[in-house]
Amino acid sequence: MQHRFNILSKKAILTATVFILSLLFVAEVRSQELNASVKINANQIEGTYKQMFTTLESELNEFINTNKWSDAKFSNVEKIDCNFNFTIKSITSQDTYSGELTVQARRPVYNSSYTTATFNFRDTDISFSYQENEPIVYNEQTIESNLVAIVTYYIYVIMGMDFDTFSPGGGNPYFRKAEAIVNLCQSTPESGWRAFDNTRNRHGLVYSLLEENMRPFRELWYNYHRKGLDVMSQGADKGKSVISECVEQMKTIHQANTQSPLLSVFIDTKLDELINVYSQSSASEKENIHKTLLNIYPSYARRIDEIKKESK
């Protein structure tokens, strides 16, 4: 059985006193892994659906936060903070809804009060059937609800992305769980699960995370967080140097597959942070990072240009 303390050393973020006390309490505790917030925005839907979505919001919060999703041991302070923000745009048939979902997750940075985003992804192809007070239950062997499949899929992706920041390849068990859900959903009528639906859908995301030619992304994800951000309290230049190398390595990801969803995962998750990290850098350092990012992400030019702005 995995123990998150031994694998990730995440408790080093806390003070020594809390660290020792947590070790004593966590030894036999198998707490839930996520501290999730689910929000459902149904403002675009007319009619008397508000209470139903309020009920669904509550049930999804309970479903995510009270189930145990792995054998890893978590204390309460180790839980992964994450958000599931649904926007319901239309009713496609009776009790069937469509819209989009934005999923975000973050984790603390060593020896600081700063939290860094570990996942930021917008799924624009969400559809599901739901009746008020319908049980929200996950079955590993079969798909009974597309909504449950989608939420559980992203739970495992969140966990995989988080574990990858603490241990090389640490996310593999969770990405495999997400892959299993994708495979079970191949025969479902809802889109988003199959390779031919969209290269950047749920199928494309998890298979990119697991395929061999995208291994450099997994490696740089670990280096960016553990050897970059987590060492900045010891020396900002040392940590920033590693982060700069990781940004340069994104060229490899881009060259391997210009349509990889991991490209958008990186920029959507990290651009705001990169602007902040390089805000006090020299003009030449800013220019190098700006040039690299702009070559990979020309459609983000306006935001990337902020890296070159003079700090106030």
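Residue numbers for the sequence shown follow the numbering used here, beginning at -12 and rising by one. The beta carbon of each residue, even a glycine, is placed where N, CA and C say it ideally should be.
Report the partner residues of residue i according to the DSSP bridge assignment.
i      : result
Ile32  : None, per the DSSP bridge assignment.
Lys26  : Asn72
Ala92  : Cys69, Phe106
Ile78  : Tyr84
Ser116 : Thr83
Leu21  : Ile67
Residue j and residue i - do their beta-carbons sit closer together than 9 Å?
i      : j      : result
Met146 : Tyr125 : no
Asn275 : Ser231 : yes
Val169 : Tyr141 : no
Phe108 : Ile137 : no
Asn54  : Ser220 : no
Gln31  : Gly86  : yes
Ile113 : Gly179 : yes
Glu20  : Phe61  : yes
Asp217 : Val96  : yes
Asp149 : Gly158 : yes
Asn311 : Ala243 : This structure cannot settle anything about residue 311, because the visible part of the chain is limited to -12 through 299.
Phe50  : Val135 : yes
Asp292 : Trp208 : no
Asn188 : Asp110 : yes
Identify which residue in the options has its Cα closest to the Cα of residue i.
i      : options                        : result
Asn282 : Pro122, Asn30, Lys227, Gln236  : Gln236
Glu131 : Asp259, Asp255, Val252, Cys172 : Cys172
Thr42  : Gln118, Val96, Leu88           : Gln118
Asn48  : Ser116, Glu199, Lys296, Ile123 : Ile123
Lys214 : Lys60, Lys295, Phe153, Ile291  : Phe153
Lys164 : Leu216, Leu196, Met39          : Leu196
Lys257 : Phe106, Ile27, Glu46, Arg181   : Phe106
Val264 : Asn28, Ile240, Lys37, Tyr211   : Tyr211
Lys26  : Trp56, Ser77, Asp82, Leu88     : Leu88
Lys295 : Ala288, Tyr284, His277, Tyr287 : His277
Ser77  : Thr239, Asn28, Trp56           : Asn28
Thr175 : His241, Asn133, Asn188         : Asn133
Thr102 : Glu65, Ser80, Phe73            : Glu65
Val234 : Arg181, Asn22, Glu272          : Glu272
Asp224 : His241, Ser266, Asp184         : Ser266
Gln81  : Asn188, Asn52, Tyr36           : Tyr36
His241 : Ala167, Thr279, Ser268, Gly226 : Thr279
Asn63  : Asn22, Ser45, Thr79, Phe73     : Asn22
Ala288 : Phe40, Ile262, Ser268          : Ile262
Tyr84  : Asp58, Phe40, Ala59            : Phe40
Ser268 : Glu297, Ser286, Arg290, Tyr284 : Glu297
Glu44  : Glu198, Ala182, Glu121         : Glu121
Ser24  : Ala59, Phe73, Asp58            : Phe73
Glu166 : Asn185, Glu198, Glu177, Tyr284 : Glu198
Lys238 : Glu177, Tyr284, Gly226         : Tyr284
Contiguous beta strand (DSSP E) assignments of at least 3 residues, all confined to the region 175 to 246: none
Segment contact, 8 Å Cβ cut-off, at least three pairs: the region 83 to 93 with the region 63 to 72: yes
contact_flag[the region 199 to 216, the region 241 to 256] where n(CB pairs < 8 Å) is 3 or more: yes
The region 238 to 249 in contact with the region 180 to 195 per 3-pair CB rule at 8 Å: yes
Whole runs of the alpha helix (DSSP H) within the region 139 to 172, excluding any shorter than 4 residues: 159 to 171
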